[in-house]
Structures are given as C-alpha cells and as structure tokens.
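All remarks here apply to the structure that follows.
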Amino acid sequence: WDKTFGGSNEDMGFSIIQTEEGGYAIAGYKILDREKRKDTWRAKLGYIELTEEKRQDIWIIKLDKNGNMEWDEVFGENGADLANSIIQARDGGYAVAGFIWTIYAGKQDIWIMKLGENGNTEWEKTFDKDENDEAYSIIQTKDEGYAVAGSTGVRVWRETNCWVIKLDAKGNMEWENNFGETGWDEIYSIIQTKDGSFITTGCVWSKGAGRGDVRVAKLNKRGDLVWDKTFGESENDEAYSIIQTNDGGCAVTGFTVLEDTGDRDFWVIKLDKDGYKVWDRTFGGTSEDWANSIIQNKNGNYIVAGWTKSMGAGKTDIWIVKLDKRGNLIWDKTFGGSENDEAHSIIQTEDGGYAVVGWTKSKGAGNADVWVIKLDENGNL
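Structure follows, in structure tokens:
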C-alpha cells in the first residue's frame, strides 16, 4: 500500500519508525496558512525565506499497520520548525529531533521533544550555540538517555561544526562535543555501538581530499574523539545515514560527485570496526542520484533509499536499491509520477518487508505531500 498526507501547501516526511504494536510514526514538517507569512526551507541547506503568508511546523503522524492515520500533532512557534528524526523510546513514547527557527530572534536552535504514546508533550529542550543549530539524528542510549547529532555555526558563511550532545532521560545535557575546523562540517546520523561508543557520519569540508568528503567519526562513552576518517575524491561527497552491521563494522550511504560529469551517484561504503574501508559501491545513471537512508535486513543484505533523476517516470523518483553482503546489486525499484518524488527514510518491517517515507509532488492534495510506501520483501507495492 501507499498513502499520502498533507493539505494544500507543502508537507514533507523525513523519518519513519515501526511502533511496538505494528503501526508507524513519521516526523517531518507541515506548512500552515497564517496571516501573510511564507517559509521556504531547502532540505539540508538551512536557507529560509520569510514573507507573511504561511508557517512551517513540526508534524508528527501516527499510523496503524495498514497506513491509516490514528493521530497527528503539530508543534511550532512563529518561525520555520522542522523534525528530521523520530524514535520510539523504551517507555512507549517518542523522542523527536530537529530545529526551531524564531523570526524575532532571527536564529535557529536545536529542538528536542519527548512525547507520550498519544503525542502529548512530556518535555522539550532547546540548545543554542550559534546562529544556525540543527539536529539531524536522535537515538536512545543504553542508559535510557539520548544522543543527538547535528551541527552548529553560521550557514550563510558556510562555517559549521559537528555537534554531538548526550542527554539524560529528562533531556538534560550530560556532555557535548563540538568538533570541526574552518568550513562546512556536519553530522547527519549517529549510532551507538555494542560497546557503548558512538559512531557518526556526515560531511567535512575542512579537511580531506576534495571539496567535501564523507566523514565517519567514533566517540567514546564520554564523547571524546577516538578516530576520525574521511572518504572521497576531488569533488563533493556526503553521507546521510549510518548503521552498525552484523559483523560489528558499519555501513554508510550518501552520494559522490563524479569528476567527469559533475553528477551525483548513490554511494555505499562498508567499514570495519576501526573505520577502515572494506568495500564501496556507486550506483546511478546519467543524471543526479542521491541516497538518504540505509538498513541491513535480517538476511544481512543492504537496502538503500533515496531519489533518482536518471531513471523512472518523473523529474525525480524514489529509488530503492537492494545489495548483497558484498555490495553487489540484487534489485532496484523506482516509484513516482511525472513530478518530483523523494525517499528520506527506510525501515524493515516486522513482516520482512519495508516501509519508506519521503514526499511527493506527483500525487496527493498539495504542492508536496508526505508519502508513505509499504513494500513486500522483494520491493513490490
């Protein structure tokens, strides 16, 4: 099945989880009408243009196992607010990470919310270090607290640093690590490993081989940097998702820019437990292809989700790729219509299939709608 959710404006989904009872929870944003204000947000770039027509708020949607909406909640103030990541906490509630942007202060802060099972707010925290602070990923840690990964800096100057924050169970900061040099350094995804350490991935412009490189960094339980690796060629390379693999290593995905054409391709990198590359694979066609999310399924194979401009029916289409344990292509699927459609998060479901969330301009009610797709184990609707 597939479902769209949204109104007449722009609504997007960036993160999906399967909940304890077999349903789904989604996080993203919703554009709401307000007296003459308009917010335009370019994903991952932090560029916001304001007039007086609309407002952008965090949108949390709860679905049953068949994709029917059970409830939804909107959170926000007078600026552009967005959720990048949602998890289900061990108490059955939800933790959400993103940013809050306040018109009057003219700045963007990390926003963390803890919700109850029915979407009620239990607590919320903001963290402010610089003009543009954003959380891209949240996990619950082994000690019942949370770890948040993102960035801090001034985007208009292209000066940002990686920011990792460790919280206790009530959202109070226990420690933080802010690392990076001159340039654009960000973390988009974080995991906690079996030994209690943390591994992050994102991009680094302050060092490495190219204009921007994939960065994978390991921090110990106290947040101290253990090792820091970069991967890339002479052009721009970025990673948006990291997982710990069954063998104790990790895998990351994002994109690499081809030197000869300047086009982007899906890029998957398999690393050992010490951050050394085991293998890497690129996938793409003659145009732009961008991976946002990776998982390892129950059989040890990899599923990657993103979007493609090289193939499919429209301007951009959702692209799902399945790889074997060595990164060889098993199958790939595209989904979309005549307009732009993107996938931002994929999970394996309890029945062995997959669920994908992103957004579509090809179908639905508005300029863009949240799009949820439920696939079987072979990637079919």
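Here the sequence shown stands for residues 37 to 417, where the numbers follow the numbering used here.
Note that CB positions come from ideal geometry on N, CA and C, so glycine has one too.
Backbone secondary structure at residue i - three-state DSSP
i	result
tryptophan 343	strand
arginine 126	coil
arginine 258	coil
leucine 359	strand
arginine 300	strand
arginine 191	helix
tryptophan 147	strand
tyrosine 312	coil
asparagine 333	coil
lysine 369	strand
aspartate 405	strand
alanine 253	strand
arginine 247	coil
tryptophan 37	coil
serine 242	coil
alanine 79	Residue confidence is low: alanine 79 scores 43 on pLDDT, short of 50, so the model does not pin down where it sits. No coordinate-derived value is stated.
glycine 142	coil
aspartate 218	Inspection of the sequence shows that residue 218 is occupied by threonine rather than by aspartate. Three-state result, threonine 218: coil.
glutamate 98	In the sequence on display, residue 98 carries lysine and not glutamate. Strand, per DSSP.
glutamate 295	coil
Opening and closing residue of the beta strand (DSSP E) in which residue i lies
i	result
glutamate 324	Neither: glutamate 324 is in no beta strand (DSSP E) and is coded neither H nor E.
aspartate 283	Neither: aspartate 283 is in no beta strand (DSSP E) and is coded neither H nor E.
glycine 268	Counting along the chain, glycine 268 falls outside any beta strand (DSSP E), and DSSP gives it neither H nor E.
tryptophan 395	390–396
alanine 171	168–176
tryptophan 107	105–111
aspartate 179	Per DSSP, aspartate 179 belongs to no beta strand (DSSP E) and is neither H nor E.
asparagine 213	209–215
glutamate 386	Run containing glutamate 386: none; DSSP gives neither H nor E here.
tryptophan 159	157–163
glutamate 222	221–228
Nearest residue (CA-CA) to residue i, options the options
i	options	result
isoleucine 175	Ala131, Gly400, Cys286, Gly372	Ala131
glutamate 158	Met149, Asp164, Asp166	Met149
glutamate 386	Ser187, Phe371, Lys410	Lys410
cysteine 286	Ser270, Lys313, Asp264, Trp263	Lys313
tryptophan 395	Lys369, Asn416, Leu365, Asp353	Asp353
threonine 22	Asn154, Asn114, Ser346, Trp407	Because residue 22 is not part of the residues shown, which for the chain are 37 to 417, the question remains open.
arginine 194	Asp310, Glu167, Gly363, Tyr182	Glu167
leucine 307	Thr322, Asn282, Gly321	Asn282
threonine 55	Ile146, Ala379, Asn376, Gly103	Gly103
glutamate 180	Phe135, Ile278, Ala125	Ala125
lysine 334	Gln384, Asn154, Asp377	Gln384
Same chain, Cβ closer than 7 Å to residue i, five either side skipped, listed in chain order
i	result
aspartate 412	Gly389
aspartate 93	Tyr65, Lys66, Leu68, Val110, Phe111, Gly112, Asp117
glutamate 217	Ser242, Lys243
glycine 402	Gly42, Gly43, Ser44, Asn45, Glu46, Asp47
arginine 362	Trp315
Cβ shell of residue i (< 6 Å), same chain only, five flanking positions each side left out
i	result
serine 173	Ser121, Ala185, Ser225, Ile226
asparagine 272	Arg247, Gly248, Val293
histidine 380	Phe50, Asn328, Gly394
Cut-off 8 Å between Cβ atoms - residues of its own chain near residue i, not counting five sequence neighbours on either side
i	result
glycine 59	Lys98, Leu99, Asp100, Lys101, Glu106
lysine 230	Gln280, Gly284
isoleucine 366	Asn337, Lys358, Leu359, Asp360
heavy atom of the ligand GTP below 6 Å from residue i C-beta
i	result
lysine 358	Among the components of this structure there are no ligands whatsoever, and the ligand GTP is therefore not found.
Give the list of continuous beta strand (DSSP E) stretches no shorter than 3 residues that lie fully inside the region 39–68.
47–54
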